[in-house]
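Mind the numbering: the sequence shown is residues 1 to 301 in the working numbering, read in order. Backbone N, C-alpha and C fix where the C-beta goes; we use that ideal spot for every residue, glycine too. Following: one structure in structure tokens, then a few remarks.
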Amino acid sequence: MTDNAVDTHGMPGLTLLGLGDMGTALARAWLAAGHPLTVWNRTAARAAPLAAEGAAVAATAAEAVAAHRLVVVCLLDDASVGTALADADLTGKDLVNLTTGTPGQGRARAEWARERGARFVDGGIMATPPMIGAPEAGGYVFYSGDRGLFDAHRETLAVPAATRYVGTDPGHAALHDEALLSAMYGMFAGVAHAFALIRREDIAPKDFAPLLADWLSAMTASVHEAAEHLQSGDYTRGVVSTLAMQVAGVPTLLRTAEEQGVSPELLTPVLALMERRLAAGHGDESTTGLIDLLVRDRAVG
Ligand code: NDP
Numbered sequence: 001m002t003d004n005a006v007d008t009h010g011m012p013g014l015t016l017l018g019l020g021d022m023g024t025a026l027a028r029a030w031l032a033a034g035h036p037l038t039v040w041n042r043t044a045a046r047a048a049p050l051a052a053e054g055a056a057v058a059a060t061a062a063e064a065v066a067a068h069r070l071v072v073v074c075l076l077d078d079a080s081v082g083t084a085l086a087d088a089d090l091t092g093k094d095l096v097n098l099t100t101g102t103p104g105q106g107r108a109r110a111e112w113a114r115e116r117g118a119r120f121v122d123g124g125i126m127a128t129p130p131m132i133g134a135p136e137a138g139g140y141v142f143y144s145g146d147r148g149l150f151d152a153h154r155e156t157l158a159v160p161a162a163t164r165y166v167g168t169d170p171g172h173a174a175l176h177d178e179a180l181l182s183a184m185y186g187m188f189a190g191v192a193h194a195f196a197l198i199r200r201e202d203i204a205p206k207d208f209a210p211l212l213a214d215w216l217s218a219m220t221a222s223v224h225e226a227a228e229h230l231q232s233g234d235y236t237r238g239v240v241s242t243l244a245m246q247v248a249g250v251p252t253l254l255r256t257a258e259e260q261g262v263s264p265e266l267l268t269p270v271l272a273l274m275e276r277r278l279a280a281g282h283g284d285e286s287t288t289g290l291i292d293l294l295v296r297d298r299a300v301g
């Protein structure tokens, strides 16, 4: 097959490496949209259902890469990307890496691709497999890196999920992805603590859930307040719930946990940061100042 092979409707072709849960969902979306698709997976058996749906199955990753100019990779981790592509000729290829990684891995992989003659874009998938090919589900993919590559393949990349290009730095897609996921885990921690508090009471979790969800939704306004504070440098502007007031409530939060027989281990780290910021004389701020306590020197390497 030649580069950019097209079918009778002129749909651009592409190669996809990796047919795990996510890769298979991506493959099905491109096949359903009529894109000629060449696939490869380390465990060949996983390609069989897709062959029946019209995909061309390559015997090796190198053979799959040779089939099209656009090569999308969705493997377990960054190390598996290096392993899978070790013998492939990437000269003149447009490599899109949808494998989850760190910002540093995205930048290093971009340099690695450049040395092999390929353009490179990294991606961060903000969707689960069932959300792929289902625009109404609201999933999307962050992309960053070579702008020319992204513009050339924008329509093809938009088939599985909406696209959000976040700049030429190949580390920024992963950074956006991991930042959102990190915030999500903070929310999961709060949700776990809240349910633990009511766990042994005569309160139905199903009655409590909408109260909790609505409260968390209302509190997302703090995200925008923090952004305004960070951009202005004034962490006191428009603050209604001061840090001093919030820290005054810490003993009540901890005593409630104790009364309910719940470990405070998810709560104490953030409360300790609030107390440190207050002790440093920032009682009239919001909690934005916690961000300054968290930021350290970058890890080297
Ligand atoms: P799976 O575990 O289902 O699949 C992993 C894939 O990586 C398989 O194709 C596997 O091949 C392949 N693989 C693993 N190690 C190697 C290796 N050393 N060499 C070659 N291939 C290898 O994962 P998913 O498909 O769910 O996820 C793929 C990527 O998508 C991950 O980076 C994940 O973080 C990301 N993602 C997944 C989401 C999800 O909800 N599933 C959501 C958002 C992002 P084999 O079949 O041979 O084992």
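Tell me the rounded alpha-carbon separation between residue i and residue j.
{"i": "Arg276", "j": "Val240", "result": "20 Å"}
{"i": "Thr168", "j": "Ala218", "result": "34 Å"}
{"i": "Thr60", "j": "Leu19", "result": "13 Å"}
{"i": "Val159", "j": "Gly13", "result": "12 Å"}
{"i": "Thr102", "j": "Ala79", "result": "12 Å"}
{"i": "Pro49", "j": "Ala55", "result": "9 Å"}
{"i": "Arg296", "j": "Asp122", "result": "25 Å"}
{"i": "Leu90", "j": "Leu294", "result": "40 Å"}
{"i": "Val166", "j": "Leu290", "result": "26 Å"}
{"i": "Tyr143", "j": "Thr100", "result": "12 Å"}
{"i": "Val65", "j": "Ala173", "result": "23 Å"}
{"i": "Met274", "j": "Leu253", "result": "13 Å"}
{"i": "Tyr185", "j": "Leu243", "result": "23 Å"}
{"i": "Met126", "j": "Thr83", "result": "25 Å"}
{"i": "Arg163", "j": "Met245", "result": "Checking the sequence, you will find Thr at residue 163 rather than Arg. When rounded, the distance between both Cα atoms is 42 Å."}
{"i": "Asp177", "j": "Ala226", "result": "19 Å"}
{"i": "Arg107", "j": "Leu197", "result": "43 Å"}
{"i": "Val73", "j": "Ala88", "result": "13 Å"}
{"i": "Ala302", "j": "Leu85", "result": "Summary: the structure shown does not reach residue 302, with the chain confined to residues 1 through 301, and so no result is reported for it."}
{"i": "Thr156", "j": "Ser232", "result": "39 Å"}
{"i": "Gln105", "j": "Ser286", "result": "34 Å"}
{"i": "Pro130", "j": "Pro264", "result": "35 Å"}
Given the structure, does residue i come close to the ligand NDP, in the sense that its CB is under 6 Å from one of the ligand's heavy atoms?
{"i": "Gly18", "result": "yes"}
{"i": "Leu75", "result": "yes"}
{"i": "Ile125", "result": "yes"}
{"i": "Gly84", "result": "Going by the sequence as given, residue 84 is Ala instead of Gly. Result yes, Cβ under 6 Å from the ligand NDP."}
{"i": "Asn41", "result": "yes"}
{"i": "Thr99", "result": "yes"}
{"i": "Met22", "result": "yes"}
{"i": "Arg237", "result": "no"}
{"i": "Thr128", "result": "yes"}
{"i": "Arg46", "result": "yes"}
Three-state secondary structure (DSSP) at residue i?
{"i": "Leu76", "result": "coil"}
{"i": "Ile336", "result": "One cannot answer for residue 336 here, as it falls past the ends of the chain, which runs 1 to 301."}
{"i": "Thr256", "result": "helix"}
{"i": "Pro36", "result": "coil"}
{"i": "Met245", "result": "helix"}
{"i": "Ile125", "result": "strand"}
{"i": "Asp207", "result": "helix"}
Is residue i near the ligand GTP - that is, is its Cβ less than 6 Å away from at least one heavy atom of it?
{"i": "Asp122", "result": "Summarising the ligand content, the structure contains the ligand NDP and does not contain the ligand GTP."}
Quick one: any contact between the segment 69 to 76 and the segment 135 to 147, if contact means 3 or more CB pairs under 8 Å?
no
Counting pairs of Cβ atoms below 8 Å between the segment 279 to 292 and the segment 206 to 218, do you hit three or more?
no
Unbroken beta strand (DSSP E) runs of length 3 or more, entirely within the segment 142 to 198: which are they?
162 to 165
Tell me whether the segment 92 to 102 and the segment 146 to 154 touch, counting them as touching only if at least three CB pairs, one residue from each stretch, are closer than 8 Å.
yes
Indicate whether the contact test is met: 3 or more Cβ pairs, each with one atom in the segment 194 to 207 and one in the segment 235 to 255, closer than 8 Å.
no
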